[in-house]
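Chemist: Dumping the structure here so I can ask a few things about it.
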Amino acid sequence: MSRAAETSGSVSGLSKLSVLFVIGAVCQYIGASIAVPLFGELDPATIAWLRASGAGAVLFAVWWPFAARRWPRVGVRFPPRRLLTAAAFGLVTLGMNMAFYLAIDSIDLGVAVAIEFLGPVVVAAAGSRTRSDGLAVGAVLVGVVLLSGASLEGSPMGVLFALLAAGLWAAYIVVGKMVAGGSVIRKEGEATGESGRKTAPWRDGIDDLAIGLTVAGALAAPVMIAISGAADPGALWNWRILLIGVGLGVLSSAIPYLLDQIVLSKLGRSQFALLLALLPVTAAVVGAVALAQVPTWPELCGMALVVAAIVFTARTADIASGAGTG
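Residues in the sequence shown are numbered from 25 upward in steps of one, following our numbering.
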């Protein structure tokens with residue numbers, strides 16, 4: 025094959041993966057835009073819980089029957105350590121989603137997403153410690169100040185919840201690396217003397233996401249049912265709300281996570297950096313179109329700084345593990 029043909033094939037492959045990534049991002053933020061109007065009927069934390077529970081239920085119903093067929097062939101096991109890590113992953117994901125929904129209840133979608141990127145950018149920079157990463161952290165901090173300036177005057181709690189989501193996203197990256205990379209499985213295999221299992225890491229990630237979200241949803245169920253029941257006993261058991269919750273789980277969790285894992289397994293760090301930088305922009309566009317949330321000039325400048333910081337840190341550090349946002 026000629027170099028020109030190889031280049032053409034590479035560009036074509038990147039284009040297809042870029043489309044998958046953008047589809048996942050659009051699904052994620054359309055789901056968020058659908059959730060916002062529901063906050064008048066149920067509190068944001070309960071909506072986030074319905075989203076996580078819906079995603080877990082759908083993954084169990086749709087993904088696991090197909091996944092179970094390959095488990096005997098590739099030797100997939102679910103030792104206690106893997107189950108605990110998956111549960112932790114699900115709980116962190118649920119907490120991140122709750123904080124994010126509480127944030128977008130009072131500040132614009134694009135602003136919340138950009139502030140949330142403080143978490144992965146700082147984690148990535150801390151893992152690299154190069155001069156460019158230090159500049160990236162400075163850029164994202166200035167960007168967050170610009171983005172949160174107006175919001176602090178009108179909705180300080182929204183900014184605080186966005187910052188909480190950023191911290192939980194950082195934790196999501198740490199646990200997600202263990203899940204998506206299969207490190208827990210490899211350690212278990214080393215301990216028992218087993219090796220040679222061949223399976224795509226992203227498949228393990230989907231298996232564990234199904235476990236984690238289901239466990240997190242089940243553990244949070246008594247608290248969330250009590251909270252929603254105290255506010256409005258009949259709201260949670262409305263079939264329309266329940267179906268929308270399942271739809272949010274598919275749109276905002278199941279589809280984006282699956283597509284992100286496929287893209288991550290095919291792209292290099294520098295290529296993924298450029299795609300990751302599209303997320304705040306995508307959120308701003310969806311917010312403007314679906315929710316009429318038009319960014320101000322300071323907010324646009326803040327988003328630009330955050331995008332620049334994402335590109336710099338993702339080129340040199342492992343920010344790619346935190347593809348999924350609230």
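A virtual CB, placed ideally from N, CA and C, is assigned to each residue, including glycine.
Bear in mind the structure is a predicted one, so any value in this text is a computation, not a measurement.
(1) Could you pull the start and end residues of the alpha helix (DSSP H) that residue 179 belongs to?
(2) Cβ-heavy atom distance between residue 44 and the ligand SAH below 6 angstroms?
(3) Taking a contact to mean a Cβ-Cβ separation below 7 angstroms, would you say residue 42 touches residue 310 in this structure?
(4) To the nearest angstrom, report how far apart residue 283 and residue 230 are at their CA atoms.
(5) Mind checking which residues open and close the alpha helix (DSSP H) that includes residue 127?
(6) Ordered along the chain, which non-local residues of its own chain (more than five positions away) have a Cβ less than 7 angstroms from that of residue 279?
(7) Out of curiosity, what's the CA-to-CA distance linking residue 306 and residue 198?
(8) Please list the segments of the beta strand (DSSP E) lying wholly inside the stretch 49–90, counting only runs of 3 or more residues, in order along the chain.
(9) Do residue 187 and residue 164 count as a contact pair if the criterion is CB distance below 7 angstroms?
(10) Under a Cβ-count criterion, where at least 16 other Cβ atoms within 10 Å of its own Cβ denotes burial, should residue 17 be classed as buried or exposed?
(11) Spatial neighbours of residue 275 within its chain, please: C-beta separation below 8 angstroms, excluding the five flanking residues on both sides.
(12) Assuming residue 259 and residue 118 form a contact by the criterion Cβ under 8 angstroms, report the distance between their Cβ atoms to the nearest whole angstrom.
(13) Whole angstroms are fine: how far does the CA of residue 134 sit from the CA of residue 334?
(14) Starting from residue 303, follow the alpha helix (DSSP H) in both directions and report where the run begins and ends.
(15) With a threshold of 16 other CB atoms inside 10 Å of the CB of residue 154, please say whether the residue is buried or exposed.
(16) Please look up how many angstroms separate the CB atoms of residue 287 and residue 45, rounded, as I've assumed it's under 8 angstroms.
(17) Can you tell me where the alpha helix (DSSP H) with residue 135 in it begins and where it stops?
(18) Among 179, 84 and 301, which residue has its Cα nearest to the Cα of residue 232?
(19) Where does residue 275 fall in DSSP's three states?
(20) With a threshold of 16 other CB atoms inside 10 Å of the CB of residue 39, please say whether the residue is buried or exposed.
(21) For residue 149, count neighbouring C-beta atoms within 10 Å of its own C-beta (all shown protein chains included) and say buried if the count is 16 or more, exposed if not.
(22) Using 7 angstroms as the threshold, is the C-beta distance between residue 241 and residue 76 below it?
(23) List the whole-angstrom C-beta distance separating residue 139 from residue 60, where the pair is believed to meet the contact cut-off of C-beta under 8 angstroms.
Modeler: Looking at the coordinates:
(1) Here residue 179 refers to the residue found at position 155 when the sequence shown is read from its first residue. Premise fails: residue 179 is in no alpha helix (DSSP H) and is neither H nor E.
(2) No copy of the ligand SAH occurs in the structure displayed, which carries no ligand at all.
(3) The residue given as residue 42 occupies position 18 in the sequence shown. The residue given as residue 310 occupies position 286 in the sequence shown. No, they are not a contact pair.
(4) Here residue 283 refers to the residue found at position 259 when the sequence shown is read from its first residue. Here residue 230 refers to the residue found at position 206 when the sequence shown is read from its first residue. Note on geometry: alpha-carbon atoms of residue 283 and residue 230 lie some 10 angstroms from one another.
(5) Taking the sequence shown and counting its residues from 1, the one referred to as residue 127 is at position 103. It spans 104–128 - the alpha helix (DSSP H) in which residue 127 sits, taken as one unbroken run.
(6) Your numbering for residue 279 matches position 255 in the sequence shown. Exclusion of the five residues before and after residue 279 leaves 48 and 51 as the residues of its chain whose Cβ lies within less than 7 angstroms of its Cβ.
(7) Your numbering for residue 306 matches position 282 in the sequence shown. Your numbering for residue 198 matches position 174 in the sequence shown. Linking residue 306 to residue 198 through their CA atoms gives a straight-line distance of about 25 angstroms.
(8) Within the stretch 49–90, no complete beta strand (DSSP E) run reaches 3 residues.
(9) Taking the sequence shown and counting its residues from 1, the one referred to as residue 164 is at position 140. Taking the sequence shown and counting its residues from 1, the one referred to as residue 187 is at position 163. A distance of 7 angstroms or more separates the beta carbons of residue 164 and residue 187.
(10) This structure cannot speak to residue 17, because the chain is shown only from 25 to 350.
(11) The residue given as residue 275 occupies position 251 in the sequence shown. Once the five neighbours on either side are set aside, the close Cβ partners of residue 275 are 51, 52, 54, 55 and 58.
(12) Taking the first residue of the sequence shown as 1, we reach residue 259 at position 235. Taking the first residue of the sequence shown as 1, we reach residue 118 at position 94. Wrong, their Cβ atoms sit about 20 angstroms apart, outside the cutoff.
(13) One-based indexing of the sequence shown puts residue 334 at position 310. One-based indexing of the sequence shown puts residue 134 at position 110. If you take the alpha carbons of residue 334 and residue 134, they lie about 15 angstroms apart.
(14) Against the sequence shown, residue 303 aligns to sequence position 279. Looking at the DSSP string, the run of the alpha helix (DSSP H) that includes residue 303 is 302–315.
(15) The residue given as residue 154 occupies position 130 in the sequence shown. By the 10 Å Cβ count, residue 154 comes out exposed.
(16) On the sequence shown, residue 287 is found 263 positions in, with the first residue counted as 1. On the sequence shown, residue 45 is found 21 positions in, with the first residue counted as 1. Right, the Cβ-Cβ distance comes to about 5 angstroms (below 8 angstroms), so this counts as a contact.
(17) For the purposes of this step, residue 135 is taken as the residue at position 111 of the sequence shown. DSSP places residue 135 inside the alpha helix (DSSP H), whose first and last residues are 133–140.
(18) On the sequence shown, position 208 is the one that residue 232 refers to. Here the closest residue by C-alpha is 84.
(19) Here the question's residue 275 lines up with position 251 in the sequence shown. When secondary structure is reduced to three states using DSSP, residue 275 falls in the helix class.
(20) In the sequence shown, counting from the first residue as 1, residue 39 sits at position 15. Residue 39 counts as exposed, since fewer than 16 other C-beta atoms from the protein chains shown sit within 10 angstroms of its C-beta.
(21) Reading the sequence shown from its first residue, position 125 is the one you call residue 149. By the 10 Å Cβ count, residue 149 comes out buried.
(22) Your numbering for residue 241 matches position 217 in the sequence shown. Your numbering for residue 76 matches position 52 in the sequence shown. In contact: residue 241 and residue 76 (Cβ atoms closer than 7 angstroms).
(23) On the sequence shown, residue 139 is found 115 positions in, with the first residue counted as 1. On the sequence shown, residue 60 is found 36 positions in, with the first residue counted as 1. Rounded, the Cβ-Cβ distance is 17 angstroms, inconsistent with contact.
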